[in-house]
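Each residue of the sequence shown is one higher than the last, beginning at 1 in our numbering. Just so it is clear, CB atoms sit at the ideal spot from N, CA and C, and this is done for glycine as well. All of these numbers come straight from a predicted model, not from anything done at the bench. The structure under discussion appears below in the form of structure tokens.
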Amino acid sequence: MAPDPLTDRGVLEDTRPKTRKPTLYKVILLNDDYTTMEFVLQILETVFHKSPAAAHRIMMQVHTEGHGVCGAYTHEVAETKVATVQDRAKQDGFPLQATLEEE
1 MAPDPLTDRG
11 VLEDTRPKTR
21 KPTLYKVILL
31 NDDYTTMEFV
41 LQILETVFHK
51 SPAAAHRIMM
61 QVHTEGHGVC
71 GAYTHEVAET
81 KVATVQDRAK
91 QDGFPLQATL
101 EEE
């Protein structure tokens, strides 16, 4: 016998599929002896949309510690930002390198 919708007091279950947050990847700039601080600032402000103050802080971290995190993004966005940094550096004649790392 089918349940009567008027008298059945069953519990409704949430049948929506569970979604999970995407894995994020940190984009990291690596220090070198040739790329100017001004170019690193420009990259941080234009590619990563950092404020001048945040860009300066990250640039100094790259300079003093050898690397600095620019942000955390989905894999596709992180890959695109790494490629953009390396393309712009190559165009301007700098050896600046960027890498990504799972957060």
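Requested in this report: Determine the contact status of residue 98 and residue 30, defining contact as a CB-CB distance below 8 Å.
Outcome: yes
Query raised in the report: So is residue 50 buried or exposed if we call it buried at 16+ other beta carbons inside 10 Å?
Result: buried
**Report entry** Endpoints, the alpha helix (DSSP H) within which residue 63 is located
**Finding:** 52–65
Report task. Please determine if the stretch 22–36 and the stretch 63–79 are in contact, where contact requires at least 3 C-beta pairs separated by less than 8 Å. Result -> yes
Query raised in the report: Identify the residues that DSSP records as bridge partners of residue 100: which are they?
Result: 27
Query - Same chain, Cβ closer than 8 Å to residue 86, five either side skipped, listed in chain order - result: 96, 97, 98
**Report entry** For residue 72: DSSP bridge partner residues
**Finding:** 26
Query raised in the report: What does a CB cutoff of less than 8 Å around residue 41 pick up in its chain, not counting 5 residues either side in sequence?
Result: 52, 55, 56, 59
Query raised in the report: So is residue 35 buried or exposed if we call it buried at 16+ other beta carbons inside 10 Å?
Result: buried
Query - Best match in 16, 101, 37 for proximity to residue 74 [C-alpha to C-alpha] - result: 101
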